[in-house]
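The structure appears below as structure tokens.
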Amino acid sequence: MLPSDSCSQIRIEDCYIVSGDDCIAVKSGFDEYGIKVGIPTEHLVIRRLTCISPSSATIALGSEMSGGIRDVRAEDITAIDTESSVRIKTAVGRGGYVKDIYVRRMTLKTMKYVFWMTGSYGSPPDPGFDPKALPEITNINYKQVVAENVTISARLDGIHDDPFKGICISNVTITLAEKAKKLQWNCTDVEGITSNVTPKACDLLPEQKEAVDCAFPDDRLAIEDVELVTCSASTPFF
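Residue 309 in the working numbering sits at position 152 of the sequence shown, and the numbers go up by one each step.
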């Protein structure tokens, strides 16, 4: 697992990860402690990642996200025999936000879930947590996804009176497994749109009559222009 916690300008490229947990975990602090410190994880680019993780996510956003997570750009992602793709994990009491998430060009093979968002994740917090600290989940974009041998296309569970908003999913083709679940899109307390998605999404994410291409930023992050310098040294033998 590669963790990223309360840091900015990160680039993760060309990784092959086999894990018993999330292949990449993006975090920013736990509950009231993360809220107090208030340092987000932001401006993160992940590209050309291959993940194998039968019981966890390819990329997890949270569940410790109380300092905020924003501007995550993931592209050219491959997952094989993995529980889910880019998953959002949060709950009441965590506060913070997960917003401005952009994902494109995923190739997924043998998945339990393609899309998974959870608004009730984790063990009970310690007594100091604020039950009124609701997380903000907004502007979540997925596009250009091909998935095969899938059990459930999507499980999207927001929070009552605090829905996950601004979800956009476009140009997605999902081929189901032989023993796929009958209910393919299970959605509660979410708002958004879909375009050119098969199988058809839930009513809370209506198919648009005119084609929509979900957002992905055109600008470059500063970290993308940082060159990695490699060097080698030899020790003389006496």
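Think of the CB as a built atom: it goes at the ideal place given N, C-alpha and C, for glycine as much as any other residue.
Nothing here was measured: the structure is a model prediction, and the numbers come from that model.
Taking the alpha-carbon positions, what's the residue i to residue j distance?
i, j, result
"glutamate 221", "aspartate 283", "14 Å"
"arginine 244", "tryptophan 342", "15 Å"
"glutamate 335", "glycine 253", "39 Å"
"isoleucine 350", "serine 389", "51 Å"
"cysteine 371", "isoleucine 258", "11 Å"
"glycine 189", "tyrosine 173", "The sequence given here has glutamate at residue 189, not glycine. Using only the alpha carbons, I get a separation of about 34 Å."
"threonine 355", "aspartate 287", "40 Å"
"proline 320", "serine 277", "12 Å"
"glutamine 365", "glutamate 293", "25 Å"
"cysteine 344", "isoleucine 316", "11 Å"
"aspartate 178", "serine 391", "37 Å"
"leucine 333", "aspartate 376", "36 Å"
Hey, out of the options, whose CA is closest to residue i's CA?
i, options, result
"aspartate 318", "Gly195, Val347, Ala337, Val202", "Val347"
"valine 260", "Cys388, Ile309, Cys325", "Cys325"
"valine 329", "Lys338, Glu305, Thr345", "Glu305"
"serine 242", "Ile309, His200, Val383, Arg251", "Ile309"
"asparagine 298", "Pro288, Trp273, Lys289", "Trp273"
"lysine 357", "Glu367, Glu381, Ile331", "Ile331"
"histidine 200", "Asp360, Val386, Pro374, Leu385", "Pro374"
"aspartate 360", "Lys266, Leu340, Arg377", "Leu340"
"lysine 338", "Glu293, Val307, Thr345", "Val307"
"lysine 266", "Gly177, Ile234, Cys180", "Ile234"
Leaving aside the five residues before and after residue i along the sequence, list all residues of the same chain whose C-beta is less than 6 Å from its C-beta, in chain order.
i, result
"threonine 295", "Lys256, Lys322, Gly323"
"alanine 149", "As shown, the chain starts at 158 and ends at 395. That puts residue 149 outside it, with no answer to give."
"isoleucine 226", "Val183, Ser185, Thr198, Leu218, Val255"
"aspartate 171", "Arg205"
"alanine 368", "Ser352"
"threonine 275", "Lys246, Asp314"
"lysine 300", "Arg261, Ser327, Asn328, Cys371"
"glutamate 232", "Arg204, Arg261, Arg262"
"threonine 387", "none"
Report back the beta-carbon spacing between residue i and residue j to the nearest angstrom; my notes put them in contact at under 8 Å.
i, j, result
"isoleucine 216", "isoleucine 203", "6 Å"
"alanine 248", "glycine 279", "5 Å"
"methionine 263", "valine 229", "Incorrect: roughly 14 Å between the Cβ atoms, too far for contact."
"alanine 214", "arginine 251", "With a Cβ gap of about 17 Å, alanine 214 and arginine 251 do not count as contacting."
"tyrosine 270", "arginine 205", "Incorrect: roughly 22 Å between the Cβ atoms, too far for contact."
"arginine 168", "glutamate 381", "6 Å"
From the DSSP output, in three-state form, read off residue i for me.
i, result
"tyrosine 270", "strand"
"aspartate 188", "helix"
"alanine 368", "coil"
"glutamate 293", "strand"
"glutamate 335", "coil"
"glutamate 170", "strand"
"aspartate 382", "helix"
"valine 249", "coil"
"lysine 256", "strand"
"lysine 193", "helix"
"leucine 362", "coil"
"glycine 224", "coil"
"alanine 231", "strand"
"tyrosine 299", "strand"
"glycine 323", "strand"
"serine 176", "coil"
"arginine 244", "strand"
Counting only the same chain and skipping the five closest in sequence on each side, list residues whose C-beta sits under 8 Å from that of residue i.
i, result
"glycine 224", "Ser163, Ser185, Gly186, Gly191, Ile192, Val194, Gly195, Ile196, Pro197, Thr198, Gly253"
"proline 363", "Ile350, Thr351"
"glutamate 176", "Per the sequence presented here, residue 176 reads as serine, with glutamate not at that position. Excluding residues within five positions, the ones whose Cβ falls inside 8 Å are Met158, Cys208, Ile209, Ser210, Ser213."
Residues in its own chain within less than 7 Å of residue i by CB, not counting five upstream and five downstream?
i, result
"threonine 239", "Cys208, Ile209, Ser210, Pro211, Thr215, Met268"
Closest Cβ-Cβ distance between residue i and chain C: below 9 Å?
i, result
"lysine 266", "Here chain C cannot be found, since the structure has a single protein chain."
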